[in-house]
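Enquirer:
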Amino acid sequence: MTAEQIIFLIVAAGIVGSALMVVTTRKLIHAALWLVAALFGVAILYAILQAGFLVVVQVVVYIGAIAILFIFAVMLTRRELRDQGPQVRKGWWVAGLLGVLTFAGLSFIVSQWEGFSKLAAEIPADADTLGSLATALVSPNAYVLPFEVASVLLLAALIGAVYVAVKK
Amino acid sequence: MTFWNDPINFIAKWLMDVFSGWGMGEVLAYVITAVIGIVVLILFSMGLAIFLVWVERKVVARFQDRVGPNRLGPFGLVQPFADIIKLIIKEDLTPAGADKFIYNLAPVMALGSVILLWAVLPLASNIYGTDLNVAVLYLVAAGALGTLAIIMAGWASNNKYALLGAFRMVATMISYEVPMVVTLLIPTILAGTMSIQGITQAQGGLWFFILSPLGALIFLISAIAELGRAPFDLNEAESEIIAGFHIEYSGMKFGLFYAGELLHAFTFGGFVAILFFGGWRFFGLEQYSPLIGVVAFLAKALFGYWVIMWIKYTMPRIRIDHMLAFTWKFLTPLAFVLLMVTALLHKLLAGAETWIYASSLFLANIMIGWITVEILRAVGRRQRKAEEHKFEDVHALHPAEGHH
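If you're matching them up, the sequences are chains A and B in order.
Each residue of the first sequence is one higher than the one before, starting from 1 at the first, in the working numbering.
Each residue of the second sequence is one higher than the one before, starting from 169 at the first, in the working numbering.
#1: Can you tell me whether DSSP reads A/Lys27 as helix, strand or coil?
#2: If I measure Cβ to Cβ from A/Ser18 and keep anything under 6 Å in the same chain, skipping five residues before and after, which residues do I get?
#3: Is it buried or exposed for B/Asp267, if we count other Cβ within 10 angstroms and need 16 for buried?
#4: When you compare the CB of A/Phe147 with every CB in chain B, is at least one pair closer than 8 Å?
#5: Looking at B/Met348 and B/Ile318, is the spacing between their C-beta atoms short of 8 Å?
#6: Let me know the secondary structure DSSP gives B/Ile295 once reduced to three states.
#7: Could you tell me whether the Cβ of B/Tyr306 comes closer than 8 Å to any Cβ of chain A?
#8: I need the straight-line Cα distance from B/Phe498 to B/Leu492, nearest angstrom please.
#9: Decide yes or no for the touch test of the region 510-519 of chain B against the region 404-424 of chain B: beta carbon pairs closer than 8 Å, at least 3 of them.
#10: Can you give me the start and stop residues for the alpha helix (DSSP H) that B/Phe212 sits inside?
#11: Closer than 8 Å is the cut-off here; do at least three beta carbon pairs connect the region 442-451 of chain B with the region 371-382 of chain B?
#12: Under 9 Å between beta-carbons, which chain A residues line up against B/Leu331? List them in chain order, please.
#13: So the candidates are B/Ile257, B/Ala433 and B/Trp478; which of them puts its Cα closest to the Cα of B/Trp286?
#14: Give me the Cα-Cα distance between A/Met75 and A/Lys167, rounded to the nearest whole angstrom.
#15: Kindly say whether B/Ile270, judged by its beta-carbon, lies nearer than 8 Å to any beta-carbon of chain A.
#16: Which same chain residues, not among the five before or five after A/Leu133, have their C-beta less than 7 Å away from its C-beta?
#17: Measure from the alpha carbon of B/Trp323 to the alpha carbon of each residue in B/Leu313, B/Ile270, B/Ser343 and B/Gly297, then state which is nearest.
#18: Considering A/Trp93, what are the terminal residues of the alpha helix (DSSP H) in which it resides?
#19: What's the C-alpha gap between A/Val164 and A/Leu155?
#20: Under a Cβ-count criterion, where at least 16 other Cβ atoms within 10 Å of its own Cβ denotes burial, should B/Phe439 be classed as buried or exposed?
#21: Listing by chain order, which chain B residues have their CB less than 8 Å from the CB of A/Leu130?
#22: Hey, how far is the Cα of B/Asn272 from the Cα of B/Ala197?
#23: Going by C-alpha to C-alpha distance, which of B/Ala441, B/Leu261 and B/Ala274 sits closest to B/Gly428?
#24: Near A/Ala47, which residues of its chain fall below 7 Å by C-beta distance, leaving aside the five closest residues on each side in sequence?
#25: Strictly under 8 Å for the Cβ-Cβ distance: is A/Leu33 near chain B by that measure?
#26: Which whole-angstrom value is the C-beta distance of B/Phe413 and B/Gly333, which I expect to be below 8 Å?
#27: Report, in whole angstroms, the separation of the C-beta atoms of B/Ser390 and B/Tyr344, which I expect to be a contact under 8 Å.
#28: Alpha carbon to alpha carbon, how far is B/Leu443 from B/Asn301? Give it in angstroms, no decimals.
#29: Can you tell me which of the three DSSP states B/Pro347 falls into?
#30: At what residues does the alpha helix (DSSP H) containing B/Tyr456 begin and finish?
#31: Using a Cβ-Cβ cutoff of less than 7 Å, which residues in the same chain neighbour B/Arg487 once the five nearest sequence positions on both sides are dropped?
#32: Whole angstroms is fine: what's the gap from B/Thr340's alpha carbon to B/Glu394's?
#33: Are the beta-carbon atoms of B/Thr351 and B/Ile386 separated by less than 8 Å?
#34: Any beta carbon of chain A sitting closer than 8 Å to that of B/Trp496?
#35: Listed in chain order, which residues of the region 212-229 of chain B have Cβ atoms closer than 9 Å to some Cβ of chain A?
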């Protein structure tokens with residue numbers, strides 16, 4: 001095993017462990033903080049893949065905005081920051097079965113992919129990955145349409161939030 | 169390669185040779201050298217934080233017409249060490265009902281998020297931690313971790329004042345991050361790169377302060393808000409919520425918050441210097457030795473830190489609704505307009521001569537600033553008229569009141 005694989009395994013175990021803690025811990029703030037740990041682990045995975053831009057965006061958007069808003073909302077709305085009732089519903093085994101089946105199906109599809117057992121091509125040190133990403137987002141041959149649709153969606157959400165919040 | 173031209177790489181190569189001489193593999197020797205480099209950088213920033221305690225106390229004393237620490241050592245320079253000894257031997261209290269793990273983690277994270285920033289801070293052309301190509305965004309990401317630390321401190325203390333401080337911090341940080349990110353894009357556009365080293369190199373001819381004085385001002389304001397320093401220190405507001413998020417912390421845990429705040433302020437002074445004042449550049453002198461660059465950078469960063477202190481010790485605290493209105497209704501639209509105008513002019517005048525390019529950008533900034541002031545004045549006048557009108561109505565209804 002190379003050092004990179006060992007780091008990957010440690011980080012992956014950390015992410016799965018934190019994700020489990022998110023759904024099992026009874027204190028809501030702890031759940032939110034475990035979520036931060038899981039999201040941070042994903043950022044480390046991006047770093048291993050040399051995707052520097054995604055690392056930083058992951059931390060800015062998911063930890064800096066979304067997780068902090070979660071914590072804020074929980075602290076504002078709940079008097080008792082503790083979950084009391086039972087932690088599983090009656091039909092929990094159906095959800096578990098569906099989860100296992102989805103995981104098995106996805107693993108099967110990925111294992112059929114030809115690049116599954118190959119090592120990724122080494123990115124040359126002087127490659128401008130950030131520049132290519134930026135060009136791809138605004139190039140009509142690549143992702144300009146999904147990019148613009150996503151921005152319109154976010155704008156709609158923004159206007160909707162203002163409409164809901166404004167006092168008539 | 170001599171020490172005078174490239175000190176860090178000179179030492180690193182020497183260390184690598186020593187480790188290889190002991191029979192280590194190349195990778196292991198490299199990793200150990202890198203770890204030593206990281207530790208030295210952290211020790212340097214922590215040592216700087218001790219020095220900054222003295223600077224802060226001396227400067228605030230001068231602003232308040234006092235002398236400041238002057239008993240221990242020359243100019244009171246030994247005073248911070250006495251402070252540290254006091255903080256360490258103080259009783260370490262944990263409030264009842266506190267969430268112990270998060271409570272203890274918060275001060276470490278608060279200081280850690282600041283030290284993270286030093287990874288991308290270039291001290292000279294070849295003295296820096298790493299040259300990230302997304303360093304500008306990294307600055308925002310590290311700030312997010314600092315905010316998280318304050319929320320953790322506020323919540324884990326099991327104290328309503330601490331919680332209020334944490335709430336206010338979130339409100340400040342989420343609102344002021346918007347103009348900050350927008351103004352960070354201005355040097356990015358002007359330099360054509362997000363790498364901080366690249367931005368410094370692009371300021372060989374003209375500092376970006378000349379091309380975008382308004383951008384520098386907006387960045388400074390939102391940086392102060394991000395720091396949570398006066399006039400935006402609502403998260404600790406001594407007169408309202410005692411000390412806010414760090415009310416329950418004592419001894420060295422409080423010390424970590426304090427050192428983190430001072431180092432953060434200095435680091436943002438450094439970022440102002442890098443993004444708008446040419447960083448380690450000093451009129452071409454830095455090419456003789458990077459060590460001159462280090463001195464130039466530290467001097468500019470200290471100046472930025474001094475401006476932040478100057479504002480802190482002369483401005484009263486802003487009320488929270490005013491603070492939010494200031495960013496959402498004023499700074500954010502202004503920053504967006506400035507960004508659009510800068511981007512447009514930068515693209516249109518790409519082929520023009522330097523003096524035309526620079527003077528157009530500078531004049532555009534002045535124009536935007538002037539129009540903003542005029543709009544503010546008109547709005548203020550209209551509000552004042554409305555108030556006077558209301559006052560006259562009251563008099564018309566109760567004419568006798570004026571004769572009491």
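Just so it is clear, CB atoms sit at the ideal spot from N, CA and C, and this is done for glycine as well.
Expert: Reading from the atomic positions:
#1: Looking at A/Lys27 - three-state DSSP - the assignment turns out to be strand.
#2: Scanning its chain for C-beta atoms nearer than 6 Å, with the 5 sequence neighbours on each side dropped, one finds around A/Ser18 the residues Trp34, Ala37 and Ala38, in chain order.
#3: B/Asp267 should be labelled buried.
#4: Taking 8 Å as the CB threshold, A/Phe147 stays off the interface with chain B.
#5: Not closer than 8 Å, so no.
#6: B/Ile295: strand per DSSP, three-state reduction.
#7: B/Tyr306 counts as touching chain A.
#8: Straight-line Cα distance between these residues: approximately 10 Å.
#9: Inter-segment contact for the region 510-519 of chain B and the region 404-424 of chain B is absent: fewer than three beta-carbon pairs are separated by less than 8 Å.
#10: For B/Phe212, the enclosing alpha helix (DSSP H) stretches over residues Glu194 to Phe231.
#11: Put simply, the region 442-451 of chain B touches the region 371-382 of chain B. At least three CB pairs are less than 8 Å apart.
#12: Per Cβ cutoff of 9 Å: Met75.
#13: Looking only at B/Ile257, B/Ala433 and B/Trp478, the smallest Cα-Cα distance to B/Trp286 is reached by B/Ala433.
#14: Looking at the two C-alpha atoms, the distance is approximately 24 Å.
#15: Answer yes: the Cβ-Cβ gap between B/Ile270 and chain A drops below 8 Å somewhere.
#16: Sequence-distant partners of A/Leu133 (beyond 5 residues in either direction) whose C-beta falls short of 7 Å from its own C-beta, in its chain, are Phe53.
#17: Looking at the Cα atoms, B/Ile270 is the closest of the given residues.
#18: Unbroken alpha helix (DSSP H) run through A/Trp93: Trp92 to Gln112.
#19: Approximately 14 Å between the Cα atoms of the pair.
#20: Buried, by the Cβ-count rule.
#21: The answer, in chain order, is Asn301, Val302 and Met362.
#22: Note on geometry: alpha-carbon atoms of B/Asn272 and B/Ala197 lie some 35 Å from one another.
#23: Residue B/Ala274 is the option with its Cα nearest to B/Gly428.
#24: Excluding sequence neighbours, A/Ala47 sits near Val55.
#25: For A/Leu33, a Cβ of chain B is located within less than 8 Å of the residue's own Cβ.
#26: Correct: roughly 4 Å between the Cβ atoms.
#27: With a Cβ gap of about 5 Å, B/Ser390 and B/Tyr344 count as contacting.
#28: So the two alpha carbons sit approximately 15 Å from each other.
#29: Secondary structure of B/Pro347 (DSSP, three-state): helix.
#30: Neither: B/Tyr456 is in no alpha helix (DSSP H) and is coded neither H nor E.
#31: Counting only Cβ-Cβ distances below 7 Å, and skipping sequence neighbours, we find nothing.
#32: Taking the straight line joining both Cα atoms gives about 7 Å.
#33: It is a contact, given that the beta carbons lie within the stated cut-off.
#34: Taking a beta-carbon distance threshold of 8 Å, B/Trp496 does not count as an interface residue toward chain A.
#35: Of all residues in the region 212-229 of chain B, none has a C-beta nearer than 9 Å to a C-beta of chain A.
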